[in-house]
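Protein chains in written order, with the working numbering: chain W, 788 to 960; chain H, 965 to 1374.
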Amino acid sequence: MNVLGPDYRRDLGVRHYPLLVYAMTPIAALVLQALLPRFLHDYAWFDLPLLVTIYFALARRDPIQGTLMGSGLGLFEDALTQHAIGVNGVAKTVAGFLAGSVGVRIDVENHTIRLLLTFLLSILCSAIYVFIYRVLLGLELEWNWLAELMKSVGNVAIAAVLFPLLDRAQIRE
Amino acid sequence: MESFFARYRNLLVLLAILLAQIIGLAVQVHRTVSGRNTLDAPDESSVRLIRLWADAVVTPPEQLFHAAKMGTGSLWVDYLDLRQVREQNKDLQKTIDRLRLEQAELLEDAKQGQRLQSLMAFQEKYIYKTVAAQAIGSSGSDSSRVFYINKGSAEGLDRDMAVMTADGIVGKVREVYPHSAQVLAINDQTSGAGVILETTRLRGILRGNANGRLQIVGLLADQRIQSGEKVLTAGGDLIFPRGLPVGVVDKVVPDPDRDSFIDVIVKPAAHLNQLDEVLVITSTEPRFSTEQQQDLATSETLKGAEADAIKQQQKASQIMAERLPGLTDPNAPPPAAATTPGQTAQSGQTPAAPVVPPTPKLLPARRPDRFTPGAAPSPEASPAPPGEESKPEAKPAQKPEKPTQPRRNL
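Dropping the structure here:
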């Protein structure tokens, strides 16, 4: 399977989605991220805004769009917490940029690759979050890496369902 | 130049956005005098606009969802699931009648207790007014234990108001929006509440750890702390009124960072993971009604009158003490004001003789000895010179000693 070849990459087109999907999916991700932990309590092992960022960055194959979406969603996520605004923003900005950059080079139709990328970017996001909070800002923060690992696994599980659903929403010519 | 920007456009956009966010972070974080970095903003009364926007985006769907959930729940409970309601009503009516009687008794005790505490100038605050609210959302991050409630500044909420349930404290209001508020739960890492152990009376600071568990930090190792001991609010943080239940001691673990210190893991009294309805304490003024205030004023008046009466009694007893005869030594010089010779000569009056109290007279001893009062040592009774044996038994026979009057010795 040729997934990295430049010729194959050029053959792939950029996906397009209805404007409503572009607008409502991030908002729905933010709302559900704020709502579901009330019912799942300590088992809310997922990060829906990150999944939406990764999905659209991969699908659009555009690092700038991934950067902007990751930045916006991360800042809004930060605004819902009592923490500094920008920690999640920086983490998701990097994740969106990387997802958009990688999307140019790999076959985003391959579901396994998308899930593997989701897992890696989830871990990277957590690492950036801890780095900014502890090192850059010098704030105290206890961290549980097992919980972060479980969150990455949860993200993969949700992505396995969410990504195909969003694939159906794309505009096909 | 144009080709440079076109070639590195993606990277430049990324760097610009990252730089803007990092500068924004640097603006938010302050360094305290002690050298620690903190997020506490100098102006606590303001809300960052982006938080307001995020709340405006997230809260309406959450409130809609909550209303739908409540509507569905009430439809089921109020109209569909009505089995055995009559029997329950009868039982509840009996319970209400019984509780009314108990409440009347307890109310009297409570009034008396408050009145006494006020008289003793206790500064303890009572929960005066609360606002019931529903938890509608969360932060969505497991590193941030905050949740949102559906009441805000329009309902009288303000920052740093305590939030509790009937079981115990829950957290404090951190941000206030027009129709919602952000509550920082007590099991968050950045929260802090002054607590006291009920039995051992040890005080500490309650906060959350990375797993969302409550722990009291900064306590010296103490063998008296046992599992099951109740933890109450200490009231020193000016947020939580004193004496509210916090939880019970679960276990004691050594502090990983400091020797001889321990962390007390606390099992919360309130179900922090299953919050639905909460109470926000909006006022902690003394809980006295107008009638009770009048009672207190009356008590204060009575207390003042009683103090006056005690003062009058003390004055009267002092006057009486001056008039009553006392034990006076006749040999003592008379008071200067009353017995000055000059004054006596001028007035020509006899100075008043000092009143001598009757002295009890001792009966003469039948067999006096040298210990008998008044038996002054005589030359005969003086110790014999060395070498000469004294015979005290023979002398009374030759010259019986006359019993003497006891010397008055005042």
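The beta carbon of each residue, even a glycine, is placed where N, CA and C say it ideally should be.
Just to confirm before moving on: does the CB-CB distance between A821 (chain W) and S1155 (chain H) stay below 7 angstroms? As a working mapping, residue 821 (chain W) is identified with position 34 in the first sequence. As a working mapping, residue 1155 (chain H) is identified with position 191 in the second sequence. Not a contact, by the Cβ cut-off of 7 angstroms.
Among residues of its own chain, excluding the 5 on either side of L1196 (chain H), which ones have a beta-carbon nearer than 7 angstroms to its beta-carbon? On the second sequence, position 232 is the one that residue 1196 (chain H) refers to. V1159, I1160, E1162, G1207, L1208, P1209, V1210.
Nearest by alpha-carbon distance to D1186 (chain H): which of H:L1178, H:S1105, H:I1274, H:G1168 is it? Taking the first residue of the second sequence as 1, we reach residue 1186 (chain H) at position 222. Cα-wise, what sits closest to D1186 (chain H) is H:G1168.
Drop a sphere of 10 angstroms on the beta-carbon of M1128 (chain H), count the other beta-carbons inside from all chains shown, and report buried for 16 or more, exposed for fewer. Indexing the second sequence from 1 puts residue 1128 (chain H) at position 164. Per the 10 Å Cβ criterion, buried.
Backbone CA spacing between Q1179 (chain H) and R1138 (chain H) [nearest angstrom]: Mapped onto the second sequence, residue 1179 (chain H) falls at position 215. Mapped onto the second sequence, residue 1138 (chain H) falls at position 174. Taking the straight line from one Cα to the other gives about 21 angstroms.
Closer than 7 angstroms, Cβ to any Cβ of chain H: which residues of the segment 936 to 950 of chain W, in chain order? none
Taking all protein chains shown into account, decide if S1224 (chain H) is buried (16 or more other Cβ within 10 angstroms of its Cβ) or exposed. As a position in the second sequence, residue 1224 (chain H) is number 260, starting the count at 1. Counting Cβ neighbours within 10 Å, S1224 (chain H) comes out exposed, since fewer than 16 surround it.
Endpoints, the alpha helix (DSSP H) within which Y916 (chain W) is located: Reading the first sequence from its first residue, position 129 is the one you call residue 916 (chain W). Note, Y916 (chain W): alpha helix (DSSP H), 898 to 917.
Can you name the residues that DSSP bridges to K1093 (chain H)? In the second sequence, the residue the question calls residue 1093 (chain H) occupies position 129. Beta bridge pairing from DSSP links K1093 (chain H) with H:S1247.
Please tell me whether P805 (chain W) has its Cβ less than 7 angstroms away from any Cβ of chain H. As a first step, residue 805 (chain W) must be located in the first sequence, where it is residue number 18. By this cut-off, P805 (chain W) is not an interface position.
Can you tell which of W:W930, W:F843, W:H828, W:Y830 has the C-alpha that lies nearest to the C-alpha of V808 (chain W)? For the purposes of this step, residue 808 (chain W) is taken as the residue at position 21 of the first sequence. Nearest option by C-alpha distance: W:F843.
Whole-angstrom distance between P850 (chain W) and N997 (chain H), CA atom to CA atom: As a working note, residue 997 (chain H) is residue 33 in the second sequence. As a working note, residue 850 (chain W) is residue 63 in the first sequence. It is Val, not Asn, that sits at residue 997 (chain H) in the sequence shown. Cα-Cα distance, rounded: 42 angstroms.
Examine chain W for any beta-carbon lying closer than 7 angstroms to the beta-carbon of G988 (chain H), and answer yes or no. Counting from one through the second sequence, the residue named residue 988 (chain H) turns up at place 24. Answer yes: the Cβ-Cβ gap between G988 (chain H) and chain W drops below 7 angstroms somewhere.
Report yes if the C-beta distance between I814 (chain W) and A886 (chain W) is below 7 angstroms; otherwise report no. Position 27 of the first sequence, counting from 1, holds the residue named residue 814 (chain W). Position 99 of the first sequence, counting from 1, holds the residue named residue 886 (chain W). No, they are not a contact pair.
Burial state of P1232 (chain H), where buried means 16 or more other Cβ atoms lie within 10 Å: Taking the first residue of the second sequence as 1, we reach residue 1232 (chain H) at position 268. Buried, since its Cβ has 16 or more Cβ neighbours within 10 Å.
Check the C-beta distance from V993 (chain H) over to A871 (chain W) and give it rounded, since I have them as a contact under 8 angstroms. Residue 993 (chain H) sits at position 29 when you count from the first residue of the second sequence. Residue 871 (chain W) sits at position 84 when you count from the first residue of the first sequence. With 8 angstroms as the limit, V993 (chain H) and A871 (chain W) qualify as a contact, their Cβ atoms being about 6 angstroms apart.
Give the residues of chain H in contact with E864 (chain W), contact being defined as C-beta atoms less than 9 angstroms apart. Stepping through the first sequence from its first residue, residue 864 (chain W) is reached at position 77. For E864 (chain W), the chain H residues whose Cβ falls inside 9 angstroms of its Cβ are A1018, S1103, G1104, S1105, in order along the chain.
Output yes or no for whether 7 angstroms exceeds the beta carbon distance between G1192 (chain H) and V1212 (chain H). Translated into positions along the second sequence, residue 1192 (chain H) becomes position 228. Translated into positions along the second sequence, residue 1212 (chain H) becomes position 248. For G1192 (chain H) and V1212 (chain H), yes; Cβs fall inside 7 angstroms.
Examine chain W for any beta-carbon lying closer than 7 angstroms to the beta-carbon of N1151 (chain H), and answer yes or no. The sequence position of residue 1151 (chain H) within the second sequence is 187, counting from 1. Judged by the 7 angstroms Cβ criterion, N1151 (chain H) is not in contact with chain W.
Which stretch, first to last residue, makes up the alpha helix (DSSP H) that contains T1036 (chain H)? Mapped onto the second sequence, residue 1036 (chain H) falls at position 72. T1036 (chain H) -> alpha helix (DSSP H) spans 1013 to 1039.
For N1173 (chain H), which of helix, strand or coil comes out of DSSP? The residue given as residue 1173 (chain H) occupies position 209 in the second sequence. In the structure shown, N1173 (chain H) sits in coil (DSSP, three-state: anything other than H, G, I, E or B).
Give me the residue from H:A1130, H:D1106, H:D1131, H:A1097 with the minimum Cα distance to L1121 (chain H). On the second sequence, residue 1121 (chain H) is found 157 positions in, with the first residue counted as 1. Selected option, being the one with the closest Cα: H:A1097.
Under 8 angstroms: do the segment 1014 to 1032 of chain H and the segment 906 to 919 of chain W share three or more Cβ pairs, one atom per stretch? When C-beta atoms of the segment 1014 to 1032 of chain H are compared with those of the segment 906 to 919 of chain W, fewer than three pairs fall below 8 angstroms, so the two segments do not count as touching.
Can you give me, in chain order, the residues of the segment 1020 to 1050 of chain H that have a beta carbon less than 8 angstroms from any beta carbon in chain W? V1021, V1022, P1025, E1026, F1029
Under the three-state DSSP convention, the category V839 (chain W) falls into: As a position in the first sequence, residue 839 (chain W) is number 52, starting the count at 1. The answer is helix: DSSP assigns V839 (chain W) an H, G or I state.
Would you say Q985 (chain H) faces chain W, with C-beta separation under 7 angstroms as the test? Translated into the one-based positions of the second sequence, residue 985 (chain H) becomes position 21. Yes, Q985 (chain H) lies at the interface with chain W (some Cβ there is under 7 angstroms from its Cβ).
Are T854 (chain W) and I981 (chain H) closer than 7 angstroms when you measure CB to CB? Against the first sequence, residue 854 (chain W) aligns to sequence position 67. Against the second sequence, residue 981 (chain H) aligns to sequence position 17. Cβ distance < 7 angstroms, so T854 (chain W) and I981 (chain H) count as in contact.
Where V977 (chain H) meets chain W, residues with beta-carbon distance less than 7 angstroms: By 1-based counting over the second sequence, the position of residue 977 (chain H) is 13. Going along chain W in sequence order, the residues near V977 (chain H) (Cβ under 7 angstroms) are I851, T854.
Using beta carbons (cut-off 7 angstroms, strictly below), is I981 (chain H) in contact with chain W? Position 17 of the second sequence, counted from the start, is the residue given in the question as residue 981 (chain H). Chain W, which has a Cβ nearer than 7 angstroms to the Cβ of I981 (chain H), makes this yes.
Would you call the CB atoms of A1174 (chain H) and W832 (chain W) closer than 7 angstroms? Taking the second sequence and counting its residues from 1, one reaches residue 1174 (chain H) at position 210. Taking the first sequence and counting its residues from 1, one reaches residue 832 (chain W) at position 45. Taking 7 angstroms as the Cβ cut-off, A1174 (chain H) and W832 (chain W) do not qualify as a contacting pair.
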